[in-house]
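Chemist:
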Amino acid sequence: MNDIVADASAIIALLMGEPFDRFDPATLNGASISAVNLTEILTRLKDLAIPDDRIDAAIAELNLRVISFDEAQARAAARLRTATRQIGLSLGDRACLALGEKLKRPVVTADRAWTNIDVGVEVILIR
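Numbering (our numbering), first residue to last: 1162 to 1288.
1) Go ahead and label Thr1245 buried or exposed: buried means 16 or more other beta carbons lie within 10 angstroms of its beta carbon, across all protein chains shown.
2) Could you please give the first and the last residue of the uninterrupted alpha helix (DSSP H) stretch that includes Ile1220?
3) Bridge partners for Ile1285 per DSSP, in chain order?
4) Tell me whether the beta-carbon of Ser1229 lies closer than 8 Å to the beta-carbon of Ala1256.
5) Using a Cβ-Cβ cut-off of 7 Å (strictly less than) and excluding sequence neighbours within five positions of Ala1238, which residues of its own chain qualify?
6) Tell me the DSSP bridge mates of Ile1228?
7) Could you tell me which residues DSSP puts in a beta bridge with Val1166?
8) Would you identify the three-state DSSP class for Glu1179, choosing helix, strand or coil?
9) From what residue to what residue does the alpha helix (DSSP H) around Arg1242 run?
10) Helix or strand or just coil, what does DSSP make of Gly1253?
11) What's the gap between the Cα of Ile1216 and the Cα of Ile1194?
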């Protein structure tokens, strides 16, 4: 386990071989991730017609610590709606930020819009 929370966009970028100019992608190994964000990752990979066994192997190799999206996380994500509505953050985005808040860890994302908010969570861009 490491000291960061990963957004789906960062994990997808890693799995798709996209560039990481500001962040060492190896640091995502062992990151914490919301179960909501894992759903986003799995859905995106399925949309790309990647076979289940390859998806499972890629996810397993990352050794992610998947955190359940429970009632407390649901409430935290809902509270973030007001502060993030203007820039259009999704439920998955807010689930990631809520988990970062809960664990008191920075969140890593590929989404530049996150730098335009201040919700008390450190945001690290991959590029």
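C-beta atoms are modelled at their ideal positions from N, C-alpha and C, and glycine is treated no differently.
Modeler: To lay it out plainly:
1) Only buried fits Thr1245, as 16 or more other CB atoms lie within 10 angstroms of its CB.
2) Start and end: 1213-1223.
3) BP columns for Ile1285 point to Val1269.
4) Result no, Cβ atoms of Ser1229 and Ala1256 do not sit closer than 8 Å.
5) Taking Ala1238 as the centre and dropping the five residues before and after it, the same chain places the C-beta of Leu1252, Arg1255, Ala1256, Ala1259 closer than 7 Å to its C-beta, in chain order.
6) Paired residue(s): Ser1195.
7) Beta-bridge pairing links Val1166 to Ser1193, Val1268.
8) Correct three-state label for Glu1179: coil.
9) In the DSSP assignment, Arg1242 falls within the unbroken alpha helix (DSSP H) covering 1242-1245.
10) Three-state result, Gly1253: helix.
11) For Ile1216 and Ile1194, the distance between alpha carbons rounds to 16 Å.
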